[in-house]
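First comes the structure, then the notes that go with it.
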Amino acid sequence: MAGKEEMSRYLAFISLLIFLLLGTLGAAALKRDASTVQKNRPAVTRNNTKEDGGQEVFEANCARCHTPPMSISPRTTGTVIMHMRMRARLSRHDEELLLKYMAP
Amino acid sequence: MGAGVLQLIHQLERIRFLIVLGLCLAGLHCSAQDTGDENHAGHVPLLSGGLGYVHNVNGGITSLEPQINPVLLVPFGSHVLLESRTEFFGFFEREHQTSGPFTGKVFKLVDYAQIDWLANTHLNVVAGRYLLPFGLYNERLAPIWIKNLQDPPITAAIGTRTSGSGDGVMLRGVAIQRPYYSVQYTANFSAFSNVNRLESARTAGGDMSIYLTPARLEIGTSYQRFLQKQEINNAAAYVSWQPRQTPVDLKAEYDYCYNGKGYWIETAYLFEQLPAPAFFRRFQAVGRMQQFFPMHGGGNSLPTVNTQRFDFGLNYYIHDNLRLISSYGRNFSSLQNANVWNAGFTYRFSLPLWPERKK
Numbered sequence: 019m020a021g022k023e024e025m026s027r028y029l030a031f032i033s034l035l036i037f038l039l040l041g042t043l044g045a046a047a048l049k050r051d052a053s054t055v056q057k058n059r060p061a062v063t064r065n066n067t068k069e070d071g072g073q074e075v076f077e078a079n080c081a082r083c084h085t086p087p088m089s090i091s092p093r094t095t096g097t098v099i100m101h102m103r104m105r106a107r108l109s110r111h112d113e114e115l116l117l118k119y120m121a122p
Numbered sequence: 003m004g005a006g007v008l009q010l011i012h013q014l015e016r017i018r019f020l021i022v023l024g025l026c027l028a029g030l031h032c033s034a035q036d037t038g039d040e041n042h043a044g045h046v047p048l049l050s051g052g053l054g055y056v057h058n059v060n061g062g063i064t065s066l067e068p069q070i071n072p073v074l075l076v077p078f079g080s081h082v083l084l085e086s087r088t089e090f091f092g093f094f095e096r097e098h099q100t101s102g103p104f105t106g107k108v109f110k111l112v113d114y115a116q117i118d119w120l121a122n123t124h125l126n127v128v129a130g131r132y133l134l135p136f137g138l139y140n141e142r143l144a145p146i147w148i149k150n151l152q153d154p155p156i157t158a159a160i161g162t163r164t165s166g167s168g169d170g171v172m173l174r175g176v177a178i179q180r181p182y183y184s185v186q187y188t189a190n191f192s193a194f195s196n197v198n199r200l201e202s203a204r205t206a207g208g209d210m211s212i213y214l215t216p217a218r219l220e221i222g223t224s225y226q227r228f229l230q231k232q233e234i235n236n237a238a239a240y241v242s243w244q245p246r247q248t249p250v251d252l253k254a255e256y257d258y259c260y261n262g263k264g265y266w267i268e269t270a271y272l273f274e275q276l277p278a279p280a281f282f283r284r285f286q287a288v289g290r291m292q293q294f295f296p297m298h299g300g301g302n303s304l305p306t307v308n309t310q311r312f313d314f315g316l317n318y319y320i321h322d323n324l325r326l327i328s329s330y331g332r333n334f335s336s337l338q339n340a341n342v343w344n345a346g347f348t349y350r351f352s353l354p355l356w357p358e359r360k361k
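So the sequences go chain by chain: A and B.
The numbering of the first sequence is the numbering used here, which starts it at 19 and goes up by one.
The numbering of the second sequence is the numbering used here, which starts it at 3 and goes up by one.
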């Protein structure tokens with residue numbers, strides 16, 4: 019009985035903590051405009067423009083599982099993207115966009 | 003007669019070794035060539051992976067858990083890839099749990115050793131030993147440098163018996179791709195194996211998910227039929243969401259099998275948008291809540307009583323490859339309520355295995 023009460027207290031506490039954290043951070047983040055967001059992101063600097071689609075594929079697919087790498091040696095980029103095409107089930111088109119984006 | 007058979011086996015082993023060596027060398031040679039495409043991406047063999055150390059205290063009992071998971075990638079052109087991951091995992095505890103010197107052992111496992119044929123968008127063929135594609139965790143989140151919390155979800159054992167890997171064939175790819183969504187699939191069959199470090203169960207299963215590109219929302223489901231002794235079904239449904247505006251990563255999964263059912267929900271927030279000095283923007287806060295309800299007595303690596311657990315973690319990215327990790331969790335069950343602490347670091351490495359071409 020005491021265990022259940024303790025568990026309920028912990029669950030209530032952690033739920034409150036998560037909602038407060040997400041609510042606060044989400045609200046703070048939504049106030050920021052796109053340029054500020056871009057400025058503060060980690061320095062994943064590539065040479066292609068956003069219109070090429072490679073950046074979108076990169077941000078959307080890498081971040082599904084892990085933090086995107088800041089740099090990959092160009093001579094291994096093809097190998098890494100083949101590996102990720104298998105793991106993340108990317109299309110051939112997405113693979114080509116990523117190759118152009120990461121090793122133009 | 004017996005000696006002759008043994009000699010034949012030795013000769014076959016030698017031939018097999020020479021074939022594998024020849025394939026690797028051919029791969030090294032082919033992959034070091036220019037791609038000739040519109041980009042400058044190289045297809046050089048690579049030794050990658052993760053390593054780390056976790057200091058764990060579970061219910062007052064300390065364990066030291068170093069590990070290294072090297073991943074070998076050898077491409078043969080741009081359509082065939084040989085890849086493998088080996089796990090060296092140390093587990094050291096005090097001799098009498100809370101007192102005495104630390105003793106333990108290092109476990110060695112082959113997570114996958116597979117040859118991939120990337121035929122086209124719709125079909126990739128995998129043969130060999132592969133990770134069982136069930137739910138979010140086993141295939142995608144398990145590497146030490148990826149997972150936000152070091153302890154796996156309680157339900158991670160569902161759909162991944164007996165070793166988390168299968169020996170057989172897997173088909174996977176993109177079934178449909180449109181500008182606003184894509185549908186991915188996986189279908190696999192694994193044979194039974196009791197070969198040392200290559201253990202697997204006889205199973206058949208698959209996974210299908212839809213990814214909504216504008217929302218960056220993925221919804222998927224997995225199914226597996228365990229085909230040994232007692233044939234049982236395993237099923238999972240999961241969701242993964244990374245909104246564009248905020249660096250939040252939300253993942254949740256519901257799992258069901260003969261031995262029980264449960265769910266977990268995990269949220270991670272990277273403070274990179276926080277209006278604060280750069281030092282603080284490298285922190286990541288993680289929360290996870292999970293419950294498990296056994297059925298038919300539970301077991302098969304699952305709890306035998308109702309279990310609830312929450313975890314709260316705080317990670318710090320020194321670099322995108324190197325991070326410090328820490329977490330606190332509380333486990334609730336009728337057997338034991340316990341605090342679980344983790345602290346340590348993880349590192350992702352990448353070493354090209356072929357020298358750079360001189361220009």
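Think of the CB as a built atom: it goes at the ideal place given N, C-alpha and C, for glycine as much as any other residue.
Residue j beta carbon less than 8 Å from that of residue i
| i | j | result |
| --- | --- | --- |
| Asp-257/B | Ile-160/B | yes |
| Tyr-183/B | Ile-212/B | yes |
| Ala-193/B | Gly-166/B | no |
| Gln-116/B | Val-108/B | no |
| Leu-49/B | Leu-355/B | yes |
| Ile-327/B | Asn-341/B | no |
| Gln-286/B | Tyr-319/B | yes |
| Met-100/A | Pro-305/B | no |
| Val-46/B | Thr-94/A | yes |
| Leu-138/B | Lys-253/B | yes |
| Gly-346/B | Tyr-55/B | yes |
| Ser-352/B | Gly-96/A | no |
| Val-332/B | Arg-311/B | As written in the sequence, residue 332/B is Arg, which differs from the Val given in the question. In this structure, Arg-311/B lies closer than 8 Å to Arg-332/B by Cβ. |
| Val-176/B | Gln-186/B | yes |
| Met-102/A | Asp-118/B | no |
| Asn-140/B | Ala-121/B | no |
| Leu-83/B | Gln-69/B | no |
| Leu-75/B | Glu-85/B | yes |
Integer Cβ distance of residue i from residue j, believed to fall under 8 Å
| i | j | result |
| --- | --- | --- |
| Phe-136/B | Gly-207/B | 7 Å |
| Arg-174/B | Asn-126/B | 5 Å |
| Arg-199/B | Val-112/B | 5 Å |
| Leu-117/A | Val-75/A | About 10 Å separates the two Cβ atoms, so there is no contact after all. |
| His-111/A | Thr-123/B | 7 Å |
| Tyr-265/B | Gln-292/B | 7 Å |
| Phe-273/B | Phe-281/B | Contact doesn't hold; Cβ gap of about 10 Å is too wide. |
| Asn-150/B | Gly-315/B | 6 Å |
| Gly-51/B | Val-73/B | 4 Å |
| Ile-63/B | Thr-88/B | Actually they are not in contact, since the Cβ atoms of Ile-63/B and Thr-88/B sit about 28 Å apart, beyond 8 Å. |
| Ile-234/B | Tyr-260/B | 4 Å |
| Asp-313/B | Arg-290/B | 5 Å |
| Thr-105/B | Phe-94/B | 7 Å |
| Glu-220/B | Arg-82/A | 7 Å |
Boundaries of the alpha helix (DSSP H) in which residue i is found, first to last residue
| i | result |
| --- | --- |
| Thr-162/B | Neither: Thr-162/B is in no alpha helix (DSSP H) and is coded neither H nor E. |
| Arg-103/A | 92-106 |
| Cys-80/A | 72-80 |
Span of the beta strand (DSSP E), counted from its first residue to its last, around residue i
| i | result |
| --- | --- |
| Tyr-265/B | 262-272 |
| Glu-114/A | No beta strand (DSSP E) contains Glu-114/A, which is instead part of the alpha helix (DSSP H) from 110-120. |
| Gln-275/B | No beta strand (DSSP E) holds Gln-275/B; DSSP gives it neither H nor E. |
| Trp-356/B | Segment: none, Trp-356/B is in no beta strand (DSSP E) and carries neither H nor E. |
| Lys-149/B | Neither: Lys-149/B is in no beta strand (DSSP E) and is coded neither H nor E. |
| Ser-242/B | 234-243 |
| Ala-254/B | 250-259 |
| Ser-50/B | 48-60 |
| Pro-296/B | 285-296 |
Proximal chain C residues relative to residue i, where beta-carbon distance stays under 9 Å
| i | result |
| --- | --- |
| Ser-352/B | The structure shown has no chain C; the protein chains it does contain are A and B. |
Residue i: CB within 7 Å of a non-hydrogen atom of the ligand COA
| i | result |
| --- | --- |
| Gly-222/B | By its list of ligands, the structure shown contains no ligand whatsoever, and the ligand COA lies outside what it can speak to. |
Worksheet item: In the stretch 74-94 of chain B, which residues sit with their C-beta less than 7 Å from some C-beta in chain A, listed in chain order?
Response: Against chain A - using a Cβ distance shorter than 7 Å - the residues of the stretch 74-94 of chain B are Leu-75, Pro-77, Ser-80, Leu-83 and Glu-85.
Fill in: Positions along the stretch 211-238 of chain B whose CB lies within less than 9 Å of some CB in chain A
Going along the stretch 211-238 of chain B in chain order, one finds Ser-211, Tyr-213, Thr-215, Arg-218 and Glu-220 with a Cβ nearer than 9 Å to chain A.
Worksheet item: If contact means a Cβ-Cβ distance below 9 Å, which residues of the stretch 65-98 of chain A contact chain B?
Response: Along the stretch 65-98 of chain A, the positions whose C-beta sits under 9 Å from a C-beta of chain B are Glu-74, Glu-77, Ala-78, Asn-79, Ala-81, Arg-82, Cys-83, His-84, Thr-85, Pro-86, Pro-87, Met-88, Ser-89, Ile-90, Ser-91, Pro-92, Arg-93, Thr-94, Thr-95, Gly-96, Thr-97 and Val-98, read in chain order.
Practice prompt. Can you give me, in chain order, the residues of the stretch 103-115 of chain A that have a beta carbon less than 9 Å from any beta carbon in chain B?
Written response: Residues passing the 9 Å Cβ filter: Arg-103, Met-104, Arg-105, Ala-106, Arg-107, Leu-108, Ser-109, Arg-110, His-111, Asp-112, Glu-113 and Glu-114.
Discussion item. Just to confirm the assignment: which complete beta strand (DSSP E) runs, minimum length 3, are found wholly within the stretch 77-110 of chain B?
Written reply: Complete beta strand (DSSP E) runs here, min 3: 82-96.
Item to complete: Name, going along the chain, the residues of the stretch 319-332 of chain B whose beta-carbon falls closer than 8 Å to a beta-carbon of chain A.
Response: For the stretch 319-332 of chain B, which is checked against every Cβ of chain A, the residues closer than 8 Å are Tyr-319, His-321, Asp-322, Asn-323 and Arg-332.
Fill in: In chain order, each beta strand (DSSP E) run of at least 3 residues that lies wholly inside the stretch 113-144 of chain B
Within the stretch 113-144 of chain B, the complete beta strand (DSSP E) runs of at least 3 residues are 125-133.
Fill in: Interface positions of the stretch 111-140 of chain B facing chain A (Cβ-Cβ less than 8 Å), listed along the chain
Residues Asp-118, Leu-120, Asn-122, Thr-123, Asn-126 and Val-128.
Item to complete: Mind checking the stretch 168-180 of chain B against chain A and listing, in chain order, the residues whose C-beta falls within less than 9 Å of any C-beta there?
Response: Hits within the stretch, in order: Arg-174, Gly-175, Val-176 and Gln-179.
Practice prompt. At 3 residues or longer, and completely inside the stretch 153-224 of chain B: list those beta strand (DSSP E) runs for me, N to C.
Written response: Fully enclosed beta strand (DSSP E) runs of 3 or longer: 167-179, 183-193 and 205-214.
Worksheet item: Can you give, in chain order, each stretch of the alpha helix (DSSP H) that sits fully within the stretch 298-338 of chain B and has at least 4 residues?
Response: Fully enclosed alpha helix (DSSP H) runs of 4 or longer: not present.
Item to complete: Scan the stretch 282-307 of chain B for residues whose Cβ lies nearer than 8 Å to a Cβ of chain A and list them as they occur along the chain.
Response: Listed by position, the residues of the stretch 282-307 of chain B near chain A (Cβ gap below 8 Å) are Arg-283, Ala-287, Gly-289 and Met-291.
Worksheet item: If contact means a Cβ-Cβ distance below 7 Å, which residues of the stretch 144-155 of chain B contact chain A?
Response: The stretch 144-155 of chain B vs chain A, Cβ under 7 Å: Ile-148.
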